[in-house]
Ligand SMILES: [Zn+2]
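In the working numbering, the protein residues as written are 27 to 324.
Next up, the structure:
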């Protein structure tokens with residue numbers, strides 16, 4: 027993703043308690059940050075201006091982390107049984123496609139972090155689809171299903187290979203990116219005029235996140251590096267010249283196994299989750315996850 031004046035590599039700065047200054051990728055400049063809490067050997071700081079939370083960690087290698095283990099329940103902060111949950115995930119993704127088509131009916135669509143390609147399979151009914159996925163086995167799975175999936179990260183080279191697109195989706199991905207501002211700027215460059223970017227991520231400013239604090243279900247550093255608020259998304263988008271078309275907190279069909287898995291983690295229980303519940307979908311909304319639609323000027 028290249029170097030930038032915005033150095034967000036936390037290894038450059040010592041962990042500090044109390045207020046300190048950090049370059050905020052949402053504000054686009056240095057701002058004062060408050061220490062919130064420490065969890066999983068990571069300090070969680072928060073920008074006092076936009077509310078963006080950040081994970082301070084010295085050793086996190088996404089390529090070593092997003093392996094097959096991440097999707098099969100062998101990581102307590104990953105997915106319980108992603109492949110087994112395909113029917114539920116496909117139904118949820120079909121609803122996401124319907125939502126996206128309210129803003130853009132067709133054209134070329136790119137998904138960053140497309141996992142096993144389940145969303146792209148649904149989107150392919152209306153769009154010319156492509157994906158980028160870091161986990162090799164997940165990327166292979168999509169390719170075997172006939173999808174155009176590049177294995178790697180969303181850097182200039184991979185985005186260049188895909189070319190210009192009309193829709194870019196990042197479902198629960200932006201919080202994992204080491205440099206979210208730079209990646210979003212690249213997306214913007216590869217978006218056709220009038221094109222949209224659809225992002226889902228946790229809402230750190232939500233009531234549930236505020237009440238739960240360090241025990242929030244999405245407070246999983248170092249897997250999650252950023253904890254966005256509506257204000258931080260607005261600042262980041264405005265800086266990149268993208269207009270915010272919509273922000274909402276959608277209901278979601280969730281595999282029952284993932285609910286059990288996350289409850290077990292919250293209660294500190296270890297061991298195997300309940301994979302037989304993968305095929306059962308439950309509508310869930312804690313109003314602590316947001317969906318944002320951004321548009322590039324036509
Ligand atoms: Zn900020």
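Note that beta-carbon positions come from the ideal geometry of N, C-alpha and C, so glycine has one too.
In the DSSP assignment, the alpha helix (DSSP H) including residue 165 goes from what residue to what residue? 162-170
Leaving out five residues on either side along the sequence, give the residues of the same chain with a beta carbon under 6 Å from the beta carbon of residue 133. 192
Check whether the region 222-242 and the region 316-323 are in contact - that is, three or more C-beta pairs closer than 8 Å. yes
Grab me the residues of residue 77's own chain with a C-beta within less than 7 Å of its C-beta, minus the 5 sequence neighbours each way, in chain order. 230, 231, 255, 257 and 258
Contact under 8 Å by Cβ, residue 197 with residue 253: no
Proximity below 8 Å, CB of residue 202 to CB of residue 163: no
Closest Cα partner of residue 128 within the set 69, 295, 154 and 272: 272
Same chain, Cβ closer than 8 Å to residue 45, neighbours up to 5 away in sequence not counted: 58, 59, 60, 61 and 74
Buried or exposed: where does residue 277 fall if 16 or more other Cβ atoms within 10 Å of its Cβ makes it buried? exposed
CA-CA distance, residue 309 and residue 223? 25 Å
Classify residue 59 as helix, strand or coil using the three-state DSSP reduction. strand
On the DSSP bridge list, what partners appear for residue 245? Paired residue(s): none; residue 245 is not in a bridge.
Cut-off 8 Å between Cβ atoms - residues of its own chain near residue 288, not counting five sequence neighbours on either side: 243
If you follow the alpha helix (DSSP H) that residue 215 is part of, which residue opens it and which one closes it? 206-215
Taking Cβ to Cβ, would you say residue 199 is nearer than 8 Å to residue 174? no
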